Amino acid sequence: GAGVSQTPSNKVTEKGKYVELRCDPISGHTALYWYRQSLGQGPEFLIYFQGTGAADDSGLPNDRFFAVRPEGSVSTLKIQRTERGDSAVYLCASSPRLVDEQFFGPGTRLTVL
Amino acid sequence: AQRVTQPEKLLSVFKGAPVELKCNYSYSGSPELFWYVQYSRQRLQLLLRHISRESIKGFTADLNKGETSFHLKKPFAQEEDSAMYYCALSKDNNDMRFGAGTRLTVKP
Chain A
10 GAGVSQTPSN KVTEKGKYVE LRCDPISGHT ALYWYRQSLG QGPEFLIYFQ GTGAADDSGL
70 PNDRFFAVRP EGSVSTLKIQ RTERGDSAVY LCASSPRLVD EQFFGPGTRL TVL
Chain B
10 AQRVTQPEKL LSVFKGAPVE LKCNYSYSGS PELFWYVQYS RQRLQLLLRH ISRESIKGFT
70 ADLNKGETSF HLKKPFAQEE DSAMYYCALS KDNNDMRFGA GTRLTVKP
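So, in C-alpha cells, the structure goes:
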C-alpha cells in the first residue's frame with residue numbers, strides 16, 4: 010500500500026513569505042508526527058497529533074510555526090514570516106497508534122532565500 | 010532533558026569486519042531506545058528498538074543503563090549496510106529525540 014506522502018517535495022520561498030507543507034499519512038494511522046532536519050543533524054521533533062488534536066507541540070520553535078489536522082488524517086504545517094534559518098527538510102511520520110513504529114515520509118525540502 | 014549523542018559522524022569499515030555504532034543518552038527516567046536507518050535515496054525507517062530484543066539484518070543493540078549507552082553492533086558488516094544510522098530516545102515513543110547520526114561506509 011501507499012506510504013506516507015508529503016507535498017511539495019521541494020519548496021523555495023523568499024524571506025518573510027508564508028508556506029504550507031502537507032502530509033498524507035498511511036490510511037488508518039491515528040498518530041502523526043512532524044520533524045525538522047537541518048543539514049548534518051538528526052530529525053528534530055516539532056509536534057505530534059493523536060487524531061485531530063495536537064498531543065504535544067513542545068517542539069515548535071516559536072509562534073510562527075503552526076500545524077493542523079482537522080479531520081484526523083491529512084496534516085498541514087504552516088510557517089509564517091519565513092526566515093533563512095527555517096531552511097531544512099521537514100519530515101512527517103505516522104503510526105497506527107501511539108507507541109507503535111513510526112513510518113516516515115520522503116520529506117519536504119524548504120529553502121528560504 | 011532527553012539527549013542523544015552519537016560521537017562518530019563517519020565510520021568506515023571493510024566488508025566482513027565487525028562494526029559498532031556508538032550511542033549514549035541522557036534521560037532521568039526509563040527510556041525507550043531505537044535505531045533508525047536511512048539508505049541512500051530512501052526514507053528513514055526503523056531498524057530496531059530495545060524493547061523488542063530482536064536482531065534485524067544481523068544488527069543487535071543492548072541497552073546498558075549503567076553506562077547510558079545503546080550501541081549498535083554487527084559481527085560481519087556487508088556493503089549493503091552502508092547508510093546513515095540514527096539513534097533515538099523516547100519516553101513514550103512520541104516525542105522522539107534523535108542523535109545527529111553516523112554515516113557508515115562498508116568498503117569492499
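Chains as they are written, first to last, in the numbering used here: chain A, 10 to 122; chain B, 10 to 117. Where is the CB? At the ideal position from N, CA and C, for every residue including glycine. Just so you know, these numbers come straight off a predicted model, no measurement behind them.
Pairwise C-alpha distance: residue j and residue i
{"i": "G94 of chain A", "j": "G25 of chain A", "result": "12 Å"}
{"i": "K24 of chain B", "j": "P40 of chain B", "result": "33 Å"}
{"i": "T16 of chain A", "j": "V28 of chain A", "result": "12 Å"}
{"i": "T39 of chain A", "j": "D109 of chain A", "result": "11 Å"}
{"i": "G37 of chain A", "j": "P79 of chain A", "result": "15 Å"}
{"i": "R52 of chain B", "j": "G81 of chain A", "result": "23 Å"}
{"i": "A63 of chain A", "j": "P16 of chain B", "result": "33 Å"}
{"i": "E63 of chain B", "j": "L122 of chain A", "result": "45 Å"}
Within-7 Å CB hit, residue i to chain B
{"i": "E110 of chain A", "result": "yes"}
{"i": "F113 of chain A", "result": "yes"}
{"i": "F58 of chain A", "result": "no"}
{"i": "Q50 of chain A", "result": "yes"}
6 Å Cβ shell around residue i - same chain, five flanking residues per side excluded
{"i": "K83 of chain B", "result": "V28, G67 and F68"}
{"i": "F74 of chain A", "result": "I88"}
{"i": "I65 of chain B", "result": "L56 and L57"}
{"i": "P105 of chain A", "result": "H38"}
{"i": "L30 of chain B", "result": "L81, Y94 and T111"}
{"i": "N19 of chain A", "result": "R118"}
Residue i vs residue j beta-carbon contact at 7 Å
{"i": "Y44 of chain A", "j": "L100 of chain A", "result": "yes"}
{"i": "A109 of chain B", "j": "Q50 of chain A", "result": "yes"}
{"i": "L55 of chain B", "j": "Y45 of chain B", "result": "yes"}
{"i": "T22 of chain A", "j": "T91 of chain A", "result": "yes"}
{"i": "F58 of chain A", "j": "G68 of chain A", "result": "no"}
{"i": "A86 of chain B", "j": "V115 of chain B", "result": "yes"}
{"i": "I56 of chain A", "j": "D66 of chain A", "result": "yes"}
{"i": "F120 of chain B", "j": "P34 of chain A", "result": "Absent from the model: residue 120 of chain B. The displayed extent of chain B is 10 to 117, so no value can be given."}
{"i": "P117 of chain B", "j": "E89 of chain B", "result": "no"}
Residue i at chain A interface by Cβ criterion, 7 Å
{"i": "M105 of chain B", "result": "yes"}
{"i": "R52 of chain B", "result": "yes"}
{"i": "L55 of chain B", "result": "yes"}
{"i": "Y95 of chain B", "result": "yes"}
{"i": "G108 of chain B", "result": "yes"}
Beta-carbon contacts of residue i that lie in its chain and below 7 Å, excluding the five residues immediately before and after
{"i": "N33 of chain B", "result": "T14, T77 and S78"}
{"i": "S14 of chain A", "result": "D33 and G114"}
Same chain, Cβ closer than 8 Å to residue i, five either side skipped, listed in chain order
{"i": "L48 of chain A", "result": "A97"}
{"i": "G12 of chain A", "result": "I35, F112 and G114"}
Selection of the segment 62-94 of chain A by Cβ proximity to chain B, strictly under 9 Å:
Per Cβ criterion, the list reads A64, D65, S67 and G68.
Which residues, in chain order, does the segment 17-41 of chain A contribute to contact with chain B at a C-beta distance below 8 Å?
Under the 8 Å Cβ criterion, the segment 17-41 of chain A contributes A40.
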